[in-house]
Amino acid sequence: MNNNIFQFNRLGKLFRRTFQQNSKTFLNNALVLAGLPILFLLIARLTSNEGPELLFRSNFLTFLVVTIFIFSPFFYYYFYNHSKKGLSEVMLPASVLEKFVVMQIFCMILAPLMVLVFYGGSDVILSALFPLYQGGYAIVHFFNNRLTTDGVLVVFLSMQAVFFANLFFVRRKILKSIASFIVINLLIAIVILAVVKWMESLGYLEGYNGNVNLSFSERGLFDFYRGDHPFMIFVMIVRILMDIILPILFMIGSYRLMKTNRY
Amino acid sequence: MITINDLSFKYGKKEVLNDISMKLEAGKIYGLLGENGVGKTTLLKIISGLQKPWKGSCSVFGEDPFKRTPSFLSRIFYLPEELEFIQNDYSIRYFAKINAPFYPKFDNEKFETILKEFEVEGDKKLNKLSYGQMKKAVLSFAIATNAELLLLDEPSNGLDIPSKTLFRRIIVQYVSDNTCTLISTHQVRDLENLIDPIIILDNKAVLMNASLEKISEKLYFGLYSSVPANALFSEPTPGGYLCVMENEDRGESKVNIEALFNATMHHKSRIKELLV
């Protein structure tokens, strides 16, 4: 019996096809990414006697990883729901679940991994070859100082929102996505503010002197304690909503759009 | 193979198809004719699973095409009129290499033979090919998939005259015997001697779904020096008038599809009565 929902064999074929289809883009991207640290070193040597600073290289790596991670659905799957250009994907004999999984893995893992491997790798090689000009490794600094659970969750939410918007909007999707994100963020801020005001009017904020911007180092996502202040419970609920529920809703919405999109 | 029951479809408030029903069988090359905007492409999209009926049902191989299951998709090939989906920076051979694994019955030898017959350069980038060459390249791939259902939307558009002849021959020669081919066109002359049965769509309804044999049994196509009073349709030709009339024991005649189409447009209800 043919499994129409999920088969590892078809998933493998889809992966291979995606690589083959985008091989030139990947190669070009890899060359550009690997060339950037060389360019930075050359510019720094030409303009001053010192090499590019570790902090700058690490910050640039963070910027690249975050940008590629968040916007990869636009880069690789911009035409998925295009009524004409999208036919090669939608009519491909694979299930929506398999297509969804491959798209998610490409955007979440392979696209940022490419930055780490080629930009980070090139930086490592340069630092190893020219230790007098360039000190430290950007990739090590990135993993030690930039990669935090809170950061990953924020970027994950943003990426899932972009993934959804890429499938939801058909034309002018980047512009519409940015506009709708602004509106949604404003709405969320207004709702949160309204709830806080309401809590304040009921006296729930009295005696609260804690932090409203919790991080994972302070408290886990589900670490509710007996005797927590009502406002702390509210902050924890907002965190769960933003870090877990919203991304899951975006993923479900994206899958549903892929399944029911009409061309 | 395809069963459509009381199917209706709307784009917003605009009704395109209204309560249409028909059955299509394997091993036949159907010609789907109709004026621009009557819903030919929409019908192909519904059959291929790209659109969902607003009302009624469409069943292909016994399943709902809109579910777009892998097993369903591997048994059909839909070739749209516009080929934006394939304007890539690689060749048709590379396209076949990356897509063929999804079609279990893909025949690479057949693909290469058809490419050769169409005189398409298999290694030339798709976005560098002319529209006609690109169409021939994708047609080669479509036929080589050995799909059980081939849906071709205006396949002769963009082909030059020798290629149109070649196209007809390749369809007859290489499309598998058990394949149901549905060709939508408004250029009926391009598909003369190829399509049988003929489906005519008009004003949101199926006016005709009949074999050439049945059409020739009910209608007579003849050349007359003057137009007979009972002609359903006539058209001046170099030797007189080509007329379409009800066949009242005149025997068999060769169906002229363009004249048939025009006659149907002029006498919809009568032809529907005769042929449905």
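Residue numbers (this note's numbering), protein chains in the order written: chain W, 8 to 270; chain S, 76 to 351.
Heads up, the beta-carbon is just placed ideally off N, CA and C, and yes, glycines get one too.
- Looking at the DSSP output, S/Asn80 bridges to S/Ser132.
- In the same chain as S/Asn202, and ignoring 5 residues on each side of it, the C-beta atoms closer than 8 Å to its own belong to Gln162, Asn163, Asp164, in chain order.
- Residue state for S/Pro140 is assigned as helix, using DSSP reduced to three classes.
- Within the same chain, Cys114, Ala118 come within 6 Å of W/Ser79 by CB-CB distance, once the 5 residues on both sides are set aside.
- About 17 Å separates the beta carbons of W/Asn268 and S/Pro145, which is beyond the 8 Å limit, so they are not a contact pair.
- Using a CB distance below 9 Å, the part of the stretch 114-128 of chain S facing chain W consists of Lys120, Ser123, Gly124, Leu125, Gln126, Lys127, ordered along the chain.
- Residue contact with chain S for W/Arg179: absent (no Cβ-Cβ distance below 9 Å to any residue of chain S).
- The beta carbon of S/Ile161 sits closer than 9 Å to some beta carbon of chain W.
- Per DSSP, the beta-bridge partners of S/Glu321 are S/Leu294.
- Rounded to whole angstroms, S/Tyr316 and S/Met97 show a C-alpha spacing of 34 Å.
- For S/Pro176, the nearest beta carbon of chain W is closer than 9 Å to its own beta carbon.
- Listed in chain order, the alpha helix (DSSP H) elements of length 4 or more contained wholly in the stretch 127-197 of chain W are 128-136, 145-148, 156-175.
- Within the stretch 102-129 of chain S, the alpha helix (DSSP H) runs of at least 4 residues that lie entirely inside it are, in chain order, 115-123.
- Taking every protein chain shown into account, the CB of W/Ile259 has fewer than 16 other CB atoms within 10 angstroms, so this residue is exposed.
- If the five residues before and after S/Glu310 are omitted, its C-beta is found closer than 6 Å to the C-beta atoms of Leu317, all from its own chain and listed in chain order.
- Taken through DSSP and simplified to helix, strand or coil, W/Asn9 comes out as coil.
- In the three-state scheme derived from DSSP, where H, G and I count as helix and E and B as strand, S/Thr260 is classed as strand.
- Annotated as proximal: S/Glu321 and S/Tyr295, with beta-carbon spacing under 9 Å.
- The three-state secondary structure of S/Ile273, taken from DSSP, is strand.
- For W/Asn11, a Cβ of chain S is located within less than 9 Å of the residue's own Cβ.
- Three or more pairs of CB atoms, one per stretch, sit closer than 8 Å, so the stretch 120-136 of chain S contacts the stretch 77-92 of chain S.
- The closest CA to that of W/Ala101, considering only S/Cys255, S/Ala175, S/Ala280, S/Ser166, is found on S/Ala175.
- Taking every protein chain shown into account, the CB of S/Leu154 has 16 or more other CB atoms within 10 angstroms, so this residue is buried.
- In chain order, Ile12, Phe13 place their CB closer than 7 Å to the CB of W/Leu104, counting only its own chain and leaving out the 5 sequence neighbours on each side.
- Judged by their CB atoms, W/Pro254 and W/Gln167 are nearer to each other than the 9 Å cut-off.
- Close partners of W/Leu38 in chain S (Cβ separation under 9 Å) are lacking, with about 16 Å as the shortest Cβ gap.
- Scanning S/Ala280, S/Phe152, S/Met340, S/Phe308 for the CA closest to the CA of S/Tyr178 turns up S/Phe152.
- Ranked by Cα distance from S/Val281, the options S/Asn232, S/Thr339, S/Gly207 are led by S/Thr339.
- Under the DSSP definition of a beta bridge, S/Tyr153 partners with S/Leu226.
- Cβ-Cβ distances below 8 Å link W/Ser129 to Leu40, Ala41, Gly42, Leu43, Pro44, Ile45 in the same chain, with the five nearest sequence neighbours on each side left out; the list follows chain order.
- Listed along chain S are Leu148, Asn174, Phe177, each with a C-beta nearer than 8 Å to that of W/Leu99.
- Within chain W, the residues Lys91, Leu94 have their CB atoms less than 8 Å from the CB of S/Pro155, given in chain order.
- Proximity of the stretch 251-265 of chain S to the stretch 111-124 of chain S meets the contact definition, three or more beta-carbon pairs being nearer than 8 Å.
- Using a Cβ distance threshold of 9 Å, W/Phe81 and W/Lys204 do not count as a contacting pair.
- When Cβ-Cβ separations below 9 Å define contact, S/Pro145 makes contact with chain W.
- In this structure, the CA atom of W/Glu207 is about 26 Å from the CA atom of W/Phe223.
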